[in-house]
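Report on the following structure.
Numbering (the working numbering), first residue to last: 2 to 365.
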């Protein structure tokens, strides 16, 4: 059996983690097993399921610059103890430089860097991440990406292979009865419901999302906005909602395990991100036949459904609001045609499985 060491920040219910679990559930685990090296000290959302599927979870020190000495000592001891890992696959974008460098120093022969984004968060590690981005092709042996733009961003002119952010679309089929039931559960009647799922962070541009929604309420006063997710900017966004008098219209639902049902409730999915790779939530939303409204910074390769739109970030919030309201027909959702199944895990899981089996020939 081939054991692949998946390197992640954590295994909570977010986009790339969900994508990884989709592949993990579908691959032939008699041939390939996933183990996870995380960079958070505590147990996370998917840990129990990983263990039930035969995987292991290890907890490395967090990747702060002041921790690097301890981190490399941890990794040296880790690889001295775990000679079984001939392949490591890192999913933390530019920061993958650090674990992959540790793998290179400790003799891991196959070191895969996987790009999941088209830009870098402008946080306190921004300059460091830009430096690591410029160096990552020197420590990785192989290159994967969720899409063309993400691959070009992290790897430049290096050859890379695309592994789609596939999902199990059977969980996201539109169901009118579920919609009614979930709306009743949330105390929603016939309101127009806008939805957003994502970490409440700079990247997702929640400030502009609230500006857009404030304009929507001028057109539809009882409209509701569901914000699913948590993040470092949550309190800032809550204050913005309050300052605009939208407390009765905006619901912060936090981390959820029922996102498949929450898509049913929505009438429009809005994602005005500053940058994205190929967002998993955008794929899920389209499989539920939701009209989706992305910023023009989201790669168009995410689109596979008829009522999917890309709006310029330089447009006014009022223009976004008018366009969204004009292009949602609640009664016509079932007719939102799906044009491509490339993001169906049942169609795509073999791409990663075959890839692993192929590169394993180099080391086994």
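Beta carbons: idealized from backbone N, C-alpha and C, even for Gly. Since the structure is predicted, the reported quantities are computational estimates derived from the model, not experimental observations.
Taking a cut-off of 8 Å for Cβ pairs, the segment 277-284 and the segment 115-122 touch, as three or more such pairs fall below it.
Judged by DSSP in its simplified three-state form, residue 227 adopts strand. A direct Cα-Cα distance of roughly 11 Å separates residue 322 from residue 195. If you look at residue 143, you'll find it isn't in any alpha helix (DSSP H); it sits in the beta strand (DSSP E) that goes 143-146.
At a Cβ-Cβ threshold of 8 Å, residue 79 and residue 59 count as neighbours. Of the candidates 206, 88, 12, the residue whose Cα lies closest to the Cα of residue 233 is 206. Straight-line spacing of the CA atoms in residue 173 and residue 143 works out to 33 Å.
Spatial neighbours of residue 41 in its own chain (CB-CB distance under 8 Å, excluding positions within 5 residues in sequence) are listed in chain order as 10, 11, 60, 63. In the DSSP annotation of this structure, residue 173 is not part of any alpha helix (DSSP H), being labelled neither H nor E. By alpha-carbon distance to residue 200, the top candidate from 18, 6, 126 is 18. Here residue 293 is near residue 270, since their CB atoms are less than 8 Å apart.
Contact between residue 342 and residue 308 does not hold, since their C-beta atoms are separated by about 17 Å, which reaches or exceeds 8 Å.
When secondary structure is reduced to three states using DSSP, residue 17 falls in the helix class. Following the DSSP letters along the chain, one finds residue 284 inside the alpha helix (DSSP H) bounded by residues 281-288. Its chain contains 203 as the residues whose beta carbon lies nearer than 8 Å to that of residue 124, once the 5 sequence neighbours on both sides are disregarded; these appear in chain order. Residue pairing by DSSP puts residue 309 in a beta bridge opposite 293.
Here the alpha carbons of residue 310 and residue 227 stand approximately 20 Å from one another.
In the DSSP assignment, residue 128 falls within the unbroken alpha helix (DSSP H) covering 127-136. Here the alpha carbons of residue 251 and residue 267 stand approximately 13 Å from one another. Residues 103, 106 of the same chain have their beta carbon placed closer than 8 Å to that of residue 73, with the five preceding and five following residues left out of the count.
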